[in-house]
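Enquirer: Handing you a structure now.
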Amino acid sequence: MPADTLLRDIFGFDGFRPGQEEIVDAVVSGQNVLAIMPTGGGKSLCYQLPALVRDGITVVISPLIALMRDQVRALREAGVEAGALTSGNTDEETEEVWQAIEDGRLKLLYIAPERLASGAALGMLRRIGVSLIAVDEAHCVSQWGHDFRPDYLRIGELRRTLNVPIAAFTATADAETREEIINRLFDGQAPATFLHGFDRPNIHLAFAAKDSPRKQILDFAGARLGQSGIVYCGTRAKTESLAKGLRDAGHNALHYHGGMDPEDRRFVETRFQREDGLIVVATVAFGMGIDKPDIRWVAHADLPKSIESYYQEIGRAGRDGAPAETLTLFGPEDIRLRRSQIDEGLAPPERRAADHARLNALLGLAEALECRRTKLLGYFGETEVKCGKCDLCDQPAEVFDGTEAVRKALSAILRTGEWFGTGHLIDILLGNDTERMRQKGHDALPTFGVGREYDKRQWQAVFRQMMGHDLIRPDPERHGALRMTDDALPILKGEASINLRRDTIRKASKGPRVKA
Ligand code: ADP
Ligand code: ZN
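Heads up: the sequence shown at position 150 corresponds to 251 in the working numbering, and the numbers run straight through without jumps.
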């Protein structure tokens, strides 16, 4: 049967989603394929359909047993011969799968990666006429990623043994992971690569530096009274207090976090799913399995963990395609917290470096000077982005040459031995005569009072942007004292310049401050 007939008759879809058809064609024609699609983009069709067109059996390797079982059940209901070999099987189920293989009926065989560890499984797969290997969640092969599965490393060997094409799928798009997938699954031979569908054109993107964060969220929600929305918070305590704040402001709001009883959590999930105009204030524990098409907005009261988390969390808005709004708040405390979570984690150094890089990508987006959508999709590898739906397209950021300000700040950091935090450093720049200043003798530094062209808030914005550009980092071993990174060297040496946003850094209107 031709692909479009199968699409309609077996899968019940009227047409392909953007990107699906090219991937299906490439897989059907036996090319090695790496497809990068966002979660919910419709990856499974891209190997299930070719499995029906091609002769022989398609082996599907997936890390999630529950997901495999779901897919097998759905395929069977649609009349497709599919089976799974996983540790969750009953003996009868396993027997049935074997029978279908023996009769030459089976089209899709789902197996858990652990199975690949046994030589018996390899031998079995060699005998049964496998014509294609489909690898779901292919980023599990990446040792520096968060979902590393050692058994995924065996897939390359499986491909060599069977000598059949591989179609690999993932939603993780950073360049390092992609390269690792190509090296480990395809022996470094570039497969046909497809990257598609990351844009969600109906979602408006906006970031704002934390000013009075609680009020910023209340204002944002207040302008959307009666619409369903999610507020993500960094801590459980905050979900409760912010939900209360929203209720006091006349909203219908509930909190949700991982510390609640399963029953209470289900109660919130069910109400959110069924009711219109409910706001859920939650930690990231909320979202998996939420399938509400008409979420009109998503706000982050705290900075998400990485650019991937950000994308996934805002992506819960506007699944119905109608306009949806987002707002993400961030401040120096968020950056400090996220950095220390990475530094204090147990991950090996290489992975920590990768996590810092992922955080940097998000901070780059937060401090962006031009179109956020272009920047976000650029991170996922998509080019030729049409936007017009982000705060910076609405109103371009006013930028100024911040090189001088950054050099002054770096100088204050270096001249005090990289032992101080923002508060004291700003006091130095402003020439504030504090107890600590005299005690440390910092009023004698050449940097003392050289930054009076800005006020305290403006310097805070400079420091925040410097953290955002990864020019300085808090050192967890020095109580969060700010230290310069290598990236700042060219600016310090006068070899590079940097633009900063002016929105939060208007020149002090009353002219330079004078010491009291
Ligand atoms: P993921 O990429 O996360 O694996 P799935 O393959 O589970 O996504 O697909 C996500 C949803 O999109 C499913 O509900 C699926 O039925 C639906 N879907 C996939 N392809 C199409 C299509 N061509 N037309 C309509 N719906 C589709
Ligand atoms: Zn834009």
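Every residue gets a Cβ at the ideal spot worked out from N, C-alpha and C, and that includes glycine. Quick caveat, the model's predicted, so the values are computed rather than measured.
Taking the C-alpha atoms as reference points, what is the distance between ALA609 and ARG348?
Expert: Model confidence at ALA609 stands at a pLDDT of 49, short of 50, so the residue's coordinates are unreliable and nothing is read from them.
Enquirer: Would you identify the three-state DSSP class for LEU107, choosing helix, strand or coil?
Expert: Three-state result, LEU107: helix.
Enquirer: Look at the Cβ atom of THR340, then the Cβ atom of THR384, and state whether they are nearer than 8 Å.
Expert: Their beta carbons are under 8 Å apart, which means THR340 touches THR384 by this criterion.
Enquirer: Using a threshold of 7 Å, is the CB atom of LEU493 nearer than that to any non-hydrogen atom of ligand 2?
Expert: Answer for LEU493: yes, Cβ within range of ligand 2.
Enquirer: Could you give the first and the last residue of the continuous alpha helix (DSSP H) run that contains GLU596?
Expert: Taken as a continuous stretch (DSSP letters only), GLU596 belongs to no alpha helix (DSSP H), as it is neither H nor E.
Enquirer: Evaluate ALA221 with the Cβ neighbour count: other Cβ atoms within 10 Å of its Cβ, from every protein chain shown; 16 or more gives buried, anything less gives exposed.
Expert: Looking at its Cβ environment, which holds fewer than 16 other Cβ atoms inside 10 Å, ALA221 is exposed.
Enquirer: Between which two residues does the alpha helix (DSSP H) carrying MET585 extend?
Expert: From DSSP, MET585 is part of no alpha helix (DSSP H) but of the beta strand (DSSP E) over 582 to 585.
Enquirer: Please state the DSSP three-state secondary structure of ASP533.
Expert: Contrary to the premise, residue 533 reads as Asn rather than Asp in this sequence. Correct three-state label for ASN533: coil.
Enquirer: May I ask you to report which of helix, strand or coil DSSP gives ARG315?
Expert: ARG315 falls in the helix class under three-state DSSP.
Enquirer: For ASP456 and ARG250, what's the separation of their Cα atoms in angstroms?
Expert: Rounded to the nearest angstrom, the two C-alpha atoms are 18 Å apart.
Enquirer: For PRO433, is the classification buried or exposed, using 16 other Cβ atoms within 10 angstroms of its Cβ as the cut-off for buried?
Expert: PRO433 comes out buried.
Enquirer: Could you give the DSSP three-state label for PHE112: helix, strand or coil?
Expert: DSSP places PHE112 in coil when its eight states are reduced to three.
Enquirer: Relative to ligand 2, is the shortest distance from any of its heavy atoms to the C-beta of GLY489 smaller than 7 Å?
Expert: Yes - ligand 2 has a heavy atom lying nearer than 7 Å to the Cβ of GLY489.
Enquirer: Applying the 10 Å Cβ sphere with the 16-neighbour rule, what's the burial state of ALA167?
Expert: By the neighbour-count rule (16 or more Cβ atoms within 10 Å), ALA167 is not buried but exposed.
Enquirer: Have a look at LYS611 and ARG558 and give me their C-alpha separation to the nearest angstrom.
Expert: With a pLDDT of 44 at LYS611, under the threshold of 50, the modelled position of that residue is not reliable, and the figure given next carries that caveat. Each residue's Cα considered, the two are about 14 Å apart.
Enquirer: From the DSSP output, in three-state form, read off VAL563 for me.
Expert: In the structure shown, VAL563 sits in a helix (DSSP, three-state: H, G or I).
Enquirer: ILE202 and ILE234: beta carbons closer than 8 Å?
Expert: For ILE202 and ILE234, no; Cβs fall outside 8 Å.
Enquirer: Checking 8 Å against the spacing of the C-beta atoms, do SER512 and ARG459 come in under that value?
Expert: In this structure, ARG459 does not lie closer than 8 Å to SER512 by Cβ.
Enquirer: Where does CYS491 fall in DSSP's three states?
Expert: Strand at CYS491.
Enquirer: Between LEU107 and HIS247, what straight-line distance do the alpha-carbon atoms span, to the nearest angstrom?
Expert: Distance between the alpha carbons of LEU107 and HIS247: 36 Å.
Enquirer: Keeping to the same chain, check which residues put their C-beta closer than 8 Å to that of GLY465; ignore five residues upstream and five downstream.
Expert: LYS476, GLY569 and HIS570, listed in sequence order.
Enquirer: List in chain order: all unbroken alpha helix (DSSP H) runs of 4+ residues lying wholly within the region 147 to 225.
Expert: Listed in chain order, they are 166 to 178 and 192 to 203.
Enquirer: Please tell me whether ARG508 and LEU438 are closer than 8 Å, where the distance is taken between their beta carbons.
Expert: It is not a contact, given that the beta carbons lie outside the stated cut-off.
Enquirer: The beta strand (DSSP E) that contains GLU426, what's its start and end?
Expert: Segment 425 to 431, the beta strand (DSSP E) holding GLU426.
Enquirer: Does the beta-carbon of ASN533 have 16 or more other beta-carbons within 10 angstroms, so that it is buried, or is it exposed?
Expert: By the neighbour-count rule (16 or more Cβ atoms within 10 Å), ASN533 is buried.
Enquirer: Among all the DSSP beta bridges, which residues are the ones paired with TYR555?
Expert: For TYR555, which the question treats as bridged, DSSP gives no partner whatsoever.
Enquirer: What is the DSSP secondary structure of PRO251, counted as helix, strand or coil?
Expert: Looking at PRO251 - three-state DSSP - the assignment turns out to be helix.
Enquirer: Less than 7 Å separating the Cβ of PHE114 from some heavy atom of ligand 1?
Expert: Under cutoff, so the answer is yes.
Enquirer: What separation, rounded to the nearest whole angstrom, lies between the Cα atoms of PRO119 and HIS305?
Expert: Between PRO119 and HIS305, the C-alpha separation is close to 21 Å.
Enquirer: With 16 other CB atoms within 10 Å as the buried threshold, where does ALA617 fall?
Expert: A caution first: ALA617 carries a pLDDT of 34, below 50, which makes its placement in the model too unreliable to give a value.
Enquirer: Going by the CB atoms, is the gap between PHE368 and VAL381 shorter than 8 Å?
Expert: Result no, Cβ atoms of VAL381 and PHE368 do not sit closer than 8 Å.
Enquirer: Going by DSSP in three states, LEU572 sits in which element: helix, strand or coil?
Expert: It is coil, neither helix nor strand.
Enquirer: Identify, in the order they occur along the chain, each residue of the same chain with its Cβ nearer than 7 Å to the Cβ of GLY230, setting aside the five sequence neighbours on each side.
Expert: These residues qualify, in order along the chain: GLY157 and ILE158.
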